[in-house]
Every structure is written in structure tokens, then in C-alpha cells.
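Asks:
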Amino acid sequence: MTGILTSEADFERVRAWRVTDAADYPGYLREAGRLLAEAVEEYGTVRARMFHPEDFADYCLLHGLDVREQAARDGYLVNPPLRTQLVTYRGEDLADFLPRLVRAREGGLAMRHADLLMDGALCGTEAAASADPRVRWTYQQASEVFRRVLVGAGCGAYEFRAVVDAPGGPLEARARVLHWEDGAVRINDEDLDLVTAVLCAGLYCELPGAAVLHGTQGSGALCGEYRQVAWAWRSTGYEWSPAELAVAGVAALPGFSLGTVV
Numbered sequence: 001m002t003g004i005l006t007s008e009a010d011f012e013r014v015r016a017w018r019v020t021d022a023a024d025y026p027g028y029l030r031e032a033g034r035l036l037a038e039a040v041e042e043y044g045t046v047r048a049r050m051f052h053p054e055d056f057a058d059y060c061l062l063h064g065l066d067v068r069e070q071a072a073r074d075g076y077l078v079n080p081p082l083r084t085q086l087v088t089y090r091g092e093d094l095a096d097f098l099p100r101l102v103r104a105r106e107g108g109l110a111m112r113h114a115d116l117l118m119d120g121a122l123c124g125t126e127a128a129a130s131a132d133p134r135v136r137w138t139y140q141q142a143s144e145v146f147r148r149v150l151v152g153a154g155c156g157a158y159e160f161r162a163v164v165d166a167p168g169g170p171l172e173a174r175a176r177v178l179h180w181e182d183g184a185v186r187i188n189d190e191d192l193d194l195v196t197a198v199l200c201a202g203l204y205c206e207l208p209g210a211a212v213l214h215g216t217q218g219s220g221a222l223c224g225e226y227r228q229v230a231w232a233w234r235s236t237g238y239e240w241s242p243a244e245l246a247v248a249g250v251a252a253l254p255g256f257s258l259g260t261v262v
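Going by full-length UniProt numbering, the residue at position 106 of the sequence shown is 106; the numbering climbs one at a time, nothing skipped.
#1: Measure the CB-CB distance between residue 203 and residue 138 and report whether it falls below 8 angstroms.
#2: How about residue 105 and residue 19: do their beta carbons lie closer than 8 angstroms?
#3: Keeping to the same chain, check which residues put their C-beta closer than 6 angstroms to that of residue 98; ignore five residues upstream and five downstream.
#4: Within the continuous alpha helix (DSSP H) that includes residue 111, where are the two ends?
#5: Skipping 5 residues on each side, what residues in its chain have a beta carbon closer than 6 angstroms to that of residue 113?
#6: List the endpoints of the continuous beta strand (DSSP E) containing residue 225.
#7: Compute the distance between the beta-carbons of residue 241 and residue 209, then report whether it is under 8 angstroms.
#8: Quick one: give me the first and last residue of the beta strand (DSSP E) that residue 176 is part of.
#9: Here's the rule: buried if 16 or more other CB atoms are within 10 angstroms of the residue's CB, otherwise exposed. What is residue 244?
#10: Note down, in chain order, each residue of its chain lying with its Cβ closer than 7 angstroms to the Cβ of residue 17, except the 5 sequence neighbours on either side.
#11: Can you name, in chain order, every residue of its own chain whose Cβ lies under 6 angstroms from the Cβ of residue 200, other than the five neighbours on each side?
#12: Comparing C-alpha positions only, which one of 37, 55, 205 sits nearest to residue 120?
Below, the structure written as C-alpha cells:
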């Protein structure tokens, strides 16, 4: 388990806390990359989380710890609010890994929001969630909505964005998706968890929402034919239907009917 500073501003803020001995942020990133590579070679699987100065300071205040102590940093790293904030390092470049850490933290906050809306049913114990038929059914429905969006879109490289109009502020999720001709889908686990949670909370609490899938449809296997697409759907809180709208600045035409996708 390791924590990584994801911006130069965060690096400068924690200098006085002796979090790192690096002289500058580029040097810090080089050292972090080397340590990650060594850990993968030694342990096989390495998980990391974003080291966020404000989160760390709040953790130390809550537990009466000194931000300059190693024990405080160790305790913070292994006790994220949600396990979804822990991201598995796959050997990718740090330039690709750092955004995943940031999204995992943001996703964790959104996941907590969704869990609060569902009275703790979303992130509670698996046994408790399974014991509630409505929670189980709604989660399955949310997964099915996302599955039908991807199946209907076909192969391509897309970004999916969803927003639910929730008490306390919008509940948002986004995910990049690669969909191959054979039906295989590549999506980061933490992104899939968040998308499903947001859709689930919207259906469970009967909250209105909107979603957009946009990107490049097609593949080289299909005679190299590609086209740019942007489809949208709106939810009444009960069901999703095609609509012309924009989510997070992405404008889209009405999507296909999810009821026609099998």
C-alpha cells in the first residue's frame, strides 16, 4: 500500500510535514515510479491511493495524530473511507496512473454520497445488502441499464457520463470504455463501481437523471469504418428513455431505446 501526491500544489503543501525527502515534484515522481516498479516486481500486486493533504489533515485531527509522524501517514493510507479509493497499479506510466488515483478519490466521495441517499445500504456489508430484496433488485437494474447502453452502442471507444439530481448536490460518474468486436469490454473497476452506484442511487431514490455516451463507434475489423457518436438518455427516477440534452458540457442527440436492446 502506498500513497502518491498527484499534483505539484499538493507536494508543496506537505513539504513541512516531511512526507517526502524529494527536492522537487519531478524528482518525487521519478522516485515514486521507481518504487512502484520495484514493488510490482517483488509483490506482484500493488495498490495505491491519492495522498490528499486535506484528507490527511482531517484524519490526523480526528485521531489526535501529528501530521509529521510516520505512524500517522501509515494509518491514513491503510484506512480509506472506502476500499474503492485503493487503485491497483498495473505497470502503466504515472501520467496514466495519477488521473486514476484522482478519479478514485472523487469517486469515493460520490460513492459515500450515494450510500447516504440509500441509508447505508450501498456500502454496507455484502450480507446486509443481499438481505434487502429492493437493494439487490435495484443494483441489478442499474447494472442492466449500463449493459444495455454498451451493447446497443456496439464496438468502439467511448466515454460515459451520468448525473443524478440528488439532495445535497448532483451525484456524478464518468467512465472510459473500450468495447471490442467480440463483445469484450475494458473499463477500470473503480469507474464501473461508481457508474453502477450512481445509477442505482437514482433508481432506488426515484431521482431524475441524465446520461451521455459519446466517442468513436467502429473498429478496424469492421472494414475500418468509424464515426463520431453522442447519445443521451433521461431518467424520470423510474426508467431511462432517449432524450436530447447535455451532460458536463457534452451535447448529445437522443439515444436508442434501451428496451430494444437484449
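All C-beta atoms, glycine included, are put in the ideal place defined by N, C-alpha and C.
Replies: In brief:
#1: By 1-based counting over the sequence shown, the position of residue 203 is 203. By 1-based counting over the sequence shown, the position of residue 138 is 138. It is a contact, given that the beta carbons lie within the stated cut-off.
#2: By one-based count along the sequence shown, residue 105 stands at place 105. By one-based count along the sequence shown, residue 19 stands at place 19. Cβ distance not < 8 angstroms, so residue 105 and residue 19 don't count as in contact.
#3: Counting from one through the sequence shown, the residue named residue 98 turns up at place 98. Result list for residue 98: 6, in chain order.
#4: Along the sequence shown, read from residue 1 onward, the residue named residue 111 stands at position 111. Residues 94-117.
#5: Within the sequence shown, the letter at position 113 stands for residue 113. Result list for residue 113: 171, in chain order.
#6: In the sequence shown, the residue the question calls residue 225 occupies position 225. Start and end: 225-235.
#7: Looking up residue 241 in the sequence shown gives position 241. Looking up residue 209 in the sequence shown gives position 209. Result no, Cβ atoms of residue 241 and residue 209 do not sit closer than 8 angstroms.
#8: By 1-based counting over the sequence shown, the position of residue 176 is 176. Counting along the chain, the beta strand (DSSP E) containing residue 176 begins and ends at 171-179.
#9: As a working mapping, residue 244 is identified with position 244 in the sequence shown. Its Cβ having fewer than 16 others within 10 Å, residue 244 is exposed.
#10: Looking up residue 17 in the sequence shown gives position 17. The residues are 67, 68.
#11: Here the question's residue 200 lines up with position 200 in the sequence shown. Counting only Cβ-Cβ distances below 6 angstroms, and skipping sequence neighbours, we find 138, 139, 142.
#12: The residue labelled residue 120 in the question sits at position 120 within the sequence shown. Per the Cα distances, 205.
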